[in-house]
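Residue numbers (full-length UniProt numbering): 1 to 502.
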């Protein structure tokens, strides 16, 4: 969240959000998904840092879910909620009540939820302009619900740039005005780094959350029936022993074998002349896919193994003391869903939205080209009329008659009005957001795609060297797999996603 850099001409440098505000925004966005959730934020500006200390949602309008058109109307109404008159009065009353209980009551902007970073639209611009025209120190918080569901909180802060504010106030987005002001789609929004702040009380509470019980302290059941008959026993959960990092000797031995194979390979290279050959060590073996087949009896048995209880079936404790006094309760475990790498559907959906944004951009381009063709036809008619009028005036001068006015074309011809370029700029900005999102996904899941190819001589005596090279490749893949698992486990332990073993 804090990767963005603050603009140099901004009235503040960064945005600090209280953890309570983050939880309120996340809960509001999740409860209204897929409808847009909006609300107001309050706080204060101190030493170049905009602190957001509280928030409250805007009232929602109940719309029946039976009609898709009504759902679209609900989303449109929710998007326009920050600038509605009723919500403006509601916001003023809420700030007045907050001031009465000595809570920060300075309006510092608003927040909205988004899906797949699809938030750059005219409604978003109008909402932020509504706040920023009265107070320069206001921001729009954007919470991406779909991105956050993948295990990474997505909360970004934006404000309109000064150049775009001036252009939007003037209301002219023609080609001439854009070229004069040198305004592009990259100059619409300014992003600020976001930091989440926890209070000391919350930090203390997080340190007091009980850890997972030790393995030697658990009394394991002797059978599946015993586990089913005694609900107080600990249910079967995925073991965290797979995250044990004590595989260094195995990795060390593999590296030794790798070095030995490399030495043998170079000995073969030194003993024989290198000649060009189309056969390489990768052409020795062919690998085929392997599928494991289970019998119907084994499949039935696997389906009868008891699963972990559902979240809604658990009776959560009301306090930490109650959890400590009642050992039969389910302890709190960190979720390992954050380590899930199945983001292909998310990436696929982002690419679909990217293509839709590109189509919308080309539609705007076609509309502008249609305007240019109409303008060209009208200008050609005007030129013909002016040439005809000049020739007629020349004849009238020869006949010693008064010339006719040559500016009557303004009354006879009407030039088409240039369409606003604002919609095209917003489409370009949205395409840029999708592109950055796709770039971030591919950077996280891309691994080495190419390896150095060994050109070995085509001689019967080179078989030993080719086999050594193939063995080196196998060892390299094995080391790569080990290091990938160790890196994942070290990251999980370091980030406290999995409790450390005693």
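Ideal Cβ placement from N, Cα and C applies to all residues, glycine included.
Judging by CA-CA distance, which residue of 150, 186, 190 is the nearest neighbour of residue 156?
190
Is the CB-CB distance between residue 108 and residue 160 below 8 Å?
no
So, at 7 Å on beta carbons, what are the nonlocal neighbours of residue 198 in its own chain, with the 5 sequence-adjacent residues on each side left out?
19
Is the separation between the beta-carbon of residue 164 and that of residue 178 shorter than 8 Å?
no
Rounded to whole angstroms, what is the Cα-Cα separation between residue 111 and residue 359?
28 Å
Assign residue 480 to one of three DSSP states: helix, strand, or coil.
helix
Considering only the beta carbon of each residue, do residue 17 and residue 196 sit closer than 8 Å?
yes
Own chain, CB closer than 7 Å to residue 80, minus 5 neighbours either side, in chain order
123
I'd like the list of long-range same chain contacts for residue 181, defined as Cβ closer than 8 Å, with 5 residues on each side in sequence excluded.
163, 166, 167
Along the chain, where does the alpha helix (DSSP H) that runs through residue 106 open and close?
From DSSP, residue 106 is part of no alpha helix (DSSP H) but of the beta strand (DSSP E) over 106-114.
Round the Cβ separation of residue 354 and residue 438 to the nearest angstrom and send it over; I've been treating them as touching at under 8 Å.
6 Å
Please give me, in chain order, every unbroken run of the beta strand (DSSP E) with length at least 3 that falls completely inside the stretch 365-425.
none
Taking a contact to mean a Cβ-Cβ separation below 8 Å, would you say residue 43 touches residue 106 in this structure?
yes
Neighbour-count burial assignment, residue 23, 16 or more Cβ in a 10 Å radius:
exposed
If you count every other CB in all the chains shown that lies within 10 Å of the CB of residue 128, and 16 or more means buried, which is it?
buried
Just mark residue 387 as buried or exposed, buried being the case when its beta carbon has 16 or more other beta carbons within 10 Å.
exposed
Within 8 Å, strictly: CB atoms of residue 103 and residue 33:
no
On the DSSP bridge assignment, give the partners of residue 159 in chain order.
190
Let me know if residue 287 comes out buried or exposed under the rule of 16 or more other beta-carbons within 10 Å of its beta-carbon.
exposed
CB-CB under 8 Å to residue 393, same chain, minus the five flanking residues each way: which ones, in chain order?
403, 404, 406
Start and end of the beta strand (DSSP E) containing residue 39?
38-46
Please state the DSSP three-state secondary structure of residue 293.
coil
Keeping to the same chain, check which residues put their C-beta closer than 6 Å to that of residue 420; ignore five residues upstream and five downstream.
173
Using a Cβ-Cβ cutoff of less than 7 Å, which residues in the same chain neighbour residue 389 once the five nearest sequence positions on both sides are dropped?
404, 406
N- and C-terminal bounds of the alpha helix (DSSP H) containing residue 19:
19-32
As a quick exercise: from 35, 290, 430, 298, pick the residue whose alpha carbon is nearest that of residue 351.
430
On the three-state DSSP scale, how would you describe residue 504?
The displayed coordinates of the chain run from 1 to 502. Any statement about residue 504 would go beyond what the structure contains.
Same chain, Cβ closer than 8 Å to residue 55, five either side skipped, listed in chain order
21, 24, 25, 39, 40, 41, 42, 111
Where do the ends of the alpha helix (DSSP H) carrying residue 55 lie?
Unbroken run through residue 55 is the beta strand (DSSP E), 49-57; no alpha helix (DSSP H).
Taking all protein chains shown into account, decide if residue 357 is buried (16 or more other Cβ within 10 angstroms of its Cβ) or exposed.
buried
Nearest candidate by alpha-carbon position, reference residue 345, set 101, 116, 93
116
Does the separation of the CB atoms of residue 375 and residue 120 fall below 8 Å?
no
Considering only the alpha carbon of each residue, which of 125, 152, 113 lies closest to residue 142?
113
Under a three-way DSSP split, which group does residue 184 fall into?
coil
Taking the DSSP output, what are the residues bridged to residue 143?
113, 155
Would you call residue 28 buried or exposed, if buried means 16 or more other Cβ atoms sit within 10 Å of its Cβ?
buried
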